[in-house]
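Notes for the one structure printed next.
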Amino acid sequence: MHYKDLNLTTTKKLLNNALKNGYAVPAFNFYNMETLKAIINAAQITQSPVILAVSEQALEYMGDDFLIGMFSKLNLKKGQFALHLDHGHSFESCKHAVDIGFSSVMFDGSTLTLSENIKISKKVIEYAHKHDVSVETELGVLSGIEDKNTKSKYGSYTDPTIVKDFVKQTGTDSLAIAIGTSHGMYKRKSNNEKLRLDILEQIANNIPKTPLVLHGASNIPQKFVNKINKFGGKIKNAKGISPSQIRQAIKLHITKVNVESDSRIAFMSSVREILFKQKDLIDPRKFLVPAMDTMCKNCIDEIQNIMGSGYKI
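Residue numbers for the sequence shown follow the numbering used here, beginning at 1 and rising by one.
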């Protein structure tokens with residue numbers, strides 16, 4: 001199956017438009033039919049371009065046939081959606097995604113030596129470009145945990161002095177950078193921590209034509225954290241990145257903003273409330289439908305009030 005048969009487009013096209021017009025395309029992670037449906041509904045309501053992101057672990061959970069089977073029946077609007085492998089950690093993982101119908105892959109060689117990162121990135125890009133598939137690569141390391149394949153205890157900022165040569169050597173379509181965000185629920189120890197926008201500005205000046213990507217950029221809305229805790233959860237001291245800082249980053253050539261934790265907590269806050277209040281509930285639809293709606297509304301809010309990508313399709 002080729003992604004064009006699924007009415008998907010490449011992240012290269014979406015991000016170049018964003019770079020030209022000064023907004024960011026949201027990359028929302030999904031794991032199943034319900035979370036996919038919530039994201040697509042939000043994109044359709046706001047007429048926003050959206051990157052549908054799948055991690056290696058999420059792809060393993062859903063399975064190739066189920067994932068591509070869903071897309072084969074969706075009749076998506078052409079030019080609005082990209083299907084993206086988030087944090088592919090090997091050439092084989094990225095190749096597999098290309099072969100089954102993804103329109104975009106990320107090779108995450110951020111924890112490798114620079115020479116090894118360049119070597120494998122070039123290999124991934126050469127294969128992907130033969131199939132007209134976009135590639136995102138990464139320099140710098142984000143701390144925190146996203147899933148069992150994407151985690152690091154320590155982070156390191158992207159070195160602005162090496163980005164130009166890296167892009168030239170690899171031919172990457174977009175570059176993920178590290179300026180102080182992190183994976184997971186615990187992105188900051190205090191509200192005073194700021195993103196290194198000075199580093200971002202240097203990077204943007206050095207590679208002005210390359211779309212830049214910000215991972216670990218969820219803002220962790222406290223209303224969802226509070227609701228989870230109210231109805232039986234135990235999430236303590238979770239802090240995200242403020243929307244104002246993300247908007248500042250977008251002005252400095254961030255064209256793709258990855259969001260996962262926000263969607264998770266929005267979805268689960270609704271599930272916990274309903275199950276807490278209805279102890280005898282056994283019909284999954286009774287909590288899945290409201291959870292989809294809550295997640296959809298949060299995606300709409302972030303599209304409109306953070307990304308600035310609404311009505312760009």
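Note that the Cβ used here is the ideal one computed from N, Cα and C, for glycine as well.
Starting from Leu15 and walking both ways along the alpha helix (DSSP H), at which residues does that stretch end?
11–21
Does the stretch 116–125 come close enough to the stretch 72–87 that 3 or more CB-CB pairs lie under 8 Å?
no
Candidates Arg196, Asp262, Lys37, of which the one nearest Ile254 by Cα
Arg196
Among Cys296, Gly216, Thr9, Lys123, the one whose alpha carbon lies nearest that of Thr315:
It is not possible to answer for residue 315, since the shown part of the chain is limited to 1 through 313.
Pick helix, strand or coil for Ala176, following the three-state DSSP scheme.
strand
Tell me Leu214's beta-bridge partners as DSSP assigns them.
Ile177, Val257
Enumerate, from N- to C-terminal direction, the unbroken alpha helix (DSSP H) stretches of 4 or more residues contained entirely within the stretch 114–147.
114–130
Gln57 to Cys94 span [Cα, whole Å]:
13 Å
Are the Cβ atoms of Pro26 and Ile303 separated by less than 8 Å?
yes
Just the C-alpha distance for Gln222 and Ile300, rounded to the nearest angstrom, thanks.
17 Å
Beta-carbon proximity list for Met33, same chain, < 7 Å, skipping 5 on both sides
Met70
Please report the distance separating the alpha-carbon of Ile207 from that of Lys234.
43 Å
Burial state of Lys153 (16 or more Cβ within 10 Å):
No answer about Lys153 holds up, because its pLDDT of 44 lies below 50 and its placement is not dependable.
In terms of residues, what are the limits of the beta strand (DSSP E) holding Ala82?
81–88
Would you check if the stretch 262–280 and the stretch 9–26 touch, i.e. whether three or more CB-CB distances between them fall below 8 Å?
no
I need the DSSP call for Gly205, collapsed to helix, strand or coil.
A small correction: the amino acid at residue 205 is Asn; Gly does not occupy that position in the sequence shown. Asn205 falls in the helix class under three-state DSSP.
Buried versus exposed, by CB contacts within 10 Å (16 or more), Ser309
buried
Using only alpha-carbon positions, find the residue among His215, Asn191, Thr137, Ala204 that is nearest to Gly184.
His215
My output table needs one value for Phe30: the three-state DSSP class, helix, strand or coil.
coil
Under the three-state DSSP convention, the category Ala266 falls into:
helix
In terms of alpha-carbon separation, which member of Asn192, Thr158, Ser104 lies closest to Val135?
Ser104
Does Ile313 come out as helix, strand or coil in the three-state DSSP assignment?
coil
Looking at the secondary structure, which residues open and close the beta strand (DSSP E) in which Ala291 lies?
Segment 285–302 is the alpha helix (DSSP H) holding Ala291; no beta strand (DSSP E) there.
Where Thr11 falls, given that 16 or more other Cβ within 10 Å makes a residue buried:
buried
Assuming Ala24 and Val257 form a contact by the criterion Cβ under 8 Å, report the distance between their Cβ atoms to the nearest whole angstrom.
5 Å
At the level of alpha carbons, what is the spacing between Gly240 and Ile220?
5 Å
Tell me whether the beta-carbon of Val50 lies closer than 8 Å to the beta-carbon of Gln80.
yes
When the Cα atoms are used, what is the spatial distance from Ile265 to Val225?
7 Å
Closer than 8 Å to chain C by CB, Thr172
Annotation note: the requested chain C is absent from the structure, which comprises a single protein chain.
Backbone secondary structure at Leu36 - three-state DSSP:
helix
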